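*Asks:* In terms of our numbering, the sequence shown has 128 at position 127, counting the first letter as 1, and numbering is strictly consecutive.
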Amino acid sequence: VYAGAVMVMFLFVIAYLGGRADAPWAGGSPILQTAAVVAAVALLVEVVVVLGLAWGDDLKDPAEVSDAFGSPAAIGELFLTDHLLAFEITSIVLLVAAIGGVVLGTTHERTEVAGGGDARPLQRESGERRP
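1) Between V97 and Y17, which are expected to be in contact by the criterion C-beta below 8 Å, what is the C-beta distance as a whole number of angstroms?
2) Taking Cβ positions, are A99 and M10 nearer each other than 8 Å?
3) What would DSSP say about F80, mapped onto helix, strand or coil?
4) Thinking C-alpha only, which one of T107, S30, L95 is nearest A6?
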């Protein structure tokens with residue numbers, strides 16, 4: 002339930018910020034493009050190795066585990082007893098990340114008030130694009 006709530010929160014943040022419909026995969030330096038391809042190949046190799054180990058003879062006799070291992074009740078008990086501090090710190094970090102994403106995703110332009118007044122920030126409309 003907690004993971005689902007975090008996922009919904011981040012989907013809300015992404016929807017709030019609005020996506021750029023103009024060529025989302027275009028751009029980026031050649032170094033970043035190469036790094037992305039290398040990371041994708043490394044992930045593919047890792048998946049192949051793990052599946053090969055699972056189907057091969059290396060994992061023929063896995064260790065015995067109890068039936069409660071990995072159950073939602075056991076995980077919840079660990080989160081709320083032994084790992085409570087780490088659980089709360091993680092929730093704070095995720096909240097700060099969501100707020101930071103909203104702050105970095107919104108753009109502000111400075112306009113001057115007629116008559117030489119102070120400049121004040123105004124939030125741009127979501128549909129506007131910079132020239």
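We put the beta carbon where it would ideally sit given N, CA and C, even for glycine.
All values derive from a computational prediction rather than experimental measurement.
*Replies:* To lay it out plainly:
1) No, V97 and Y17 are not in contact; Cβ-Cβ is about 16 Å, not under 8 Å.
2) Cβ atoms of A99 and M10: closer than 8 Å.
3) Residue state, collapsed to three classes: helix.
4) Taking only the C-alpha atoms, the option nearest A6 is L95.
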